[in-house]
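K.L.:
Residue 947 in this note's numbering sits at position 124 of the sequence shown, with consecutive numbering throughout. Heads up, the beta-carbon is just placed ideally off N, CA and C, and yes, glycines get one too. Shown below is the structure under consideration.
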Amino acid sequence: MKSLRTVLVTAAVAALAVTAMPFTAHAADSPPAQETATVANAPTGRLHAYYDFWYQYECGSWSGSAASWGECKNAASSLWNLRYPGSFDDVWVYYNSNYGGAGRGVYNGAGLPDLRQWSFGPGGAGAGEALYHNIASHKVVNLP
Numbered sequence: 824m825k826s827l828r829t830v831l832v833t834a835a836v837a838a839l840a841v842t843a844m845p846f847t848a849h850a851a852d853s854p855p856a857q858e859t860a861t862v863a864n865a866p867t868g869r870l871h872a873y874y875d876f877w878y879q880y881e882c883g884s885w886s887g888s889a890a891s892w893g894e895c896k897n898a899a900s901s902l903w904n905l906r907y908p909g910s911f912d913d914v915w916v917y918y919n920s921n922y923g924g925a926g927r928g929v930y931n932g933a934g935l936p937d938l939r940q941w942s943f944g945p946g947g948a949g950a951g952e953a954l955y956h957n958i959a960s961h962k963v964v965n966l967p
């Protein structure tokens, strides 16, 4: 009986270690704040938003402008602009729905793995706030 208990406790500890491991690795693999996406990703023609950092658990994606992000509104932790290269391939994200408040441009092909490291520009509600959990809409644009 004592052996069975030892085996069960050992198995429980091993299962806990394996379950906790991805969280430890995720934190240790975080890149410097100035980095954007480093892995080339083929264009999909869409802007992709993710619930978690480093493009994990996609929340939604859009092929054009979106006046409201629906369930993704104020929920994105990372995003990747994978629109097709050409005219109107960049996006301007907004603090409020209906393209309101402060904004920030995201060039075609740019990935922002941790939206805590990026903030909205000046002007309007949300100016200077981090993009993290604060994006409510976006427009397809041509950035300079």
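1) Relative to the alpha-carbon of residue 893, which residue among 868, 959, 964 and 934 has its alpha-carbon at the smallest distance?
2) Can you tell which of 871, 886 and 885 has its C-alpha closest to the C-alpha of residue 879?
3) Count the other CB atoms within 10 Å of the CB of residue 926; is the residue buried (16 or more) or exposed (fewer)?
4) Grab me the residues of residue 924's own chain with a C-beta within less than 7 Å of its C-beta, minus the 5 sequence neighbours each way, in chain order.
5) Residue 904 to residue 874, Cα distance in whole Å?
6) In whole angstroms, what separates the C-alpha of residue 928 from that of residue 867?
7) Quick check on residue 889: buried or exposed, where buried means 16 or more other Cβ atoms within 10 Å of its Cβ?
8) Going by DSSP, what residue range makes up the beta strand (DSSP E) through residue 882?
9) Taking just the CA atoms, how far does residue 955 sit from residue 937?
10) Just the C-alpha distance for residue 914 and residue 897, rounded to the nearest angstrom, thanks.
11) Going by CA-CA distance only, name the one from 961, 864 and 966 that's closest to residue 920.
P.N.:
So, from the data block:
1) The residue from 868, 959, 964 and 934 with its alpha-carbon nearest to that of residue 893 is 959.
2) That would be 871, whose Cα lies nearest to the Cα of residue 879.
3) Classified as buried, residue 926 has 16 or more neighbouring CB atoms from the shown chains inside 10 Å of its CB.
4) Hits under 7 Å: 917, 918, 947, 948 and 949.
5) If you take the alpha carbons of residue 904 and residue 874, they lie about 15 Å apart.
6) Rounded to whole angstroms, residue 928 to residue 867 spans 19 Å at the Cα level.
7) Residue 889 is buried by the Cβ-count criterion.
8) Per DSSP, residue 882 belongs to the beta strand (DSSP E) from 879-885.
9) Distance between residue 937 and residue 955, taken at the CA atoms: about 8 Å.
10) Between the alpha carbons of residue 914 and residue 897 lies a gap of roughly 17 Å.
11) Measuring from the Cα of residue 920, the nearest candidate turns out to be 961.
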